[in-house]
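Written out below as structure tokens is the structure these notes cover.
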Amino acid sequence: MDNGNKQASTVETGDRQAPASPLIQASGISKTYNHSGARIVVLDRLSFNLGLGEPIGIVGAAGSGKATLRHGLGTLDRPDSGKLEYSGKDVLMLDDNRLARFRNREIGFVFQFHHLLPEFSALENTMMPGMIGGGGKKAAKNAAEAILVRVGLKNRRTHRASELSGGEQQRVALARALVLRPAILLADEPTGNLDRKNSDHIHALLMDLNQEMGMSLVVVTHNLELAALVSRRVTIVNGALQEFH
């Protein structure tokens, strides 16, 4: 968020200033679509709280609303109505430019497809959020090198994305998502295209980094093995969240 807004009531947790209230507090979130003249309600006055550092899995079948919720929590799509507060500030009140800056600094994204630029190196791909954020090339490079080492790609950082294996490409995508140390990581089917060995590696990395970096983690998945690694699981039923056991 804007630096002035980070002075709100906080408590210390490790190396991050943690708000006393939930990191995310969504209330009354509704989203509908029109399809062939029919009105389809996907999210219906949905409410949702997430604490700083908390890992959560959003599970459910295709079409249940998982992607719509992920887009909403990630501020990629505005709901029809409702409030979405990050550390007590309703980010939906920001204009599109300020919301994009907030998203770049505070939210990391990992998708099923890595979305790397194939002609760029692992290092250059990982530097991009820092360059977009205007932090300077040297700072972006130092941060990118550090996170690539952490995800096990020290010796692959100068290779082009097209020269990396599928598992390595997804680790670069994870490094890129975390290079600015966001408050939250949104992972949407992050191992959907990987074999079992690489999937297990990414699963372990997600959980380890959740603990090490103190970031909140939202995993959107139908993979129950991945969902079982988090302490809290929810699903969407008739547009509202239900705890999943």
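Throughout the sequence shown, residue numbering follows our numbering, covering 27 to 271 in sequence.
Ideal Cβ placement from N, Cα and C applies to all residues, glycine included.
Source: prediction; values computed, not measured.
Residues near residue i in its chain [Cβ-Cβ closer than 6 Å; skip 5 each side]
i, result
"F137", "D214"
"G134", "A203, L204, P208 and L211"
"E111", "Q51"
"K32", "Unreliable placement is indicated for K32, whose pLDDT of 39 sits below 50; the coordinate value is still reported in the next sentence. Excluding sequence neighbours, K32 sits near nothing in its chain."
"E251", "none"
"H97", "D103"
"A254", "none"
"L235", "none"
Reduced DSSP category for residue i - H, G, I as helix; E, B as strand; rest coil
i, result
"S188", "helix"
"N264", "coil"
"E251", "helix"
"A172", "helix"
"V20", "What the structure shows of the chain is the stretch from 27 to 271, and residue 20 is not part of that stretch, so it cannot be assessed."
"Q51", "strand"
"L72", "strand"
"V198", "helix"
"S225", "helix"
"G100", "coil"
"F128", "helix"
"N297", "Missing from the structure shown is residue 297; the chain here goes from 27 to 271 and no further."
"E80", "coil"
"V117", "helix"
"R42", "Note that R42 scores a pLDDT of 43, beneath 50, so its modelled location is shaky; the value from the coordinates is reported in the next line. Strand, per DSSP."
Separation of residue j from residue i, as counted between CA atoms
i, j, result
"L243", "S53", "19 Å"
"R183", "F139", "19 Å"
"P48", "A199", "27 Å"
"N92", "A201", "Per the sequence presented here, residue 92 reads as Lys, with Asn not at that position. The straight-line gap from Cα to Cα measures roughly 24 Å."
"A165", "K115", "28 Å"
"A266", "A88", "16 Å"
"H61", "R71", "20 Å"
"T247", "D121", "30 Å"
"M27", "A64", "Low local confidence applies: a pLDDT of 42 at M27 is under 50, so the model's placement there is unreliable, with the coordinate-based value given in what follows. Each residue's Cα considered, the two are about 38 Å apart."
"L76", "T152", "27 Å"
"Q237", "S107", "33 Å"
"V263", "E269", "10 Å"
"M241", "G79", "4 Å"
"M239", "R176", "12 Å"
"L174", "L149", "8 Å"
"M119", "L142", "31 Å"
"A34", "R222", "Its pLDDT being 36, under 50, A34 is placed unreliably in this model, and the value from its coordinates should be taken loosely. In a straight line, the C-alpha of A34 is about 43 Å away from that of R222."
"G156", "Q196", "19 Å"
"P105", "S113", "19 Å"
"G40", "F74", "Only weak support is given to the placement of G40: the predicted model assigns it a pLDDT of 38, under 50, and the question is left unresolved by the model."
Cβ-based neighbour list, residue i, same chain, cut-off 7 Å, excluding 5 preceding and 5 following
i, result
"P144", "R186, A187 and S188"
"S225", "T217"
"E194", "L179 and R182"
"M154", "R202"
"G192", "N219, L220 and N224"
"L125", "T101 and V117"
Close Cβ partners of residue i (< 8 Å) along its chain, the five nearest in sequence each way excluded
i, result
"S147", "R183, T184, H185, R186 and A187"
"T94", "K57, V68, L69 and D103"
"I66", "T58, Y59 and N60"
"R129", "G100, T101 and L102"
"R131", "M27, G159, L206 and P208"
"N123", "none"
Meets three-Cβ-pair contact criterion under 8 Å: the stretch 167-175 and the stretch 213-230: no
- prompt: How do the stretch 79-90 and the stretch 247-265 stand: do at least 3 beta-carbon pairs fall below 8 Å, yes or no?
  reply: Two segments are said to touch when three or more pairs of C-beta atoms, one from each, lie closer than 8 Å; by this definition the stretch 79-90 touches the stretch 247-265.
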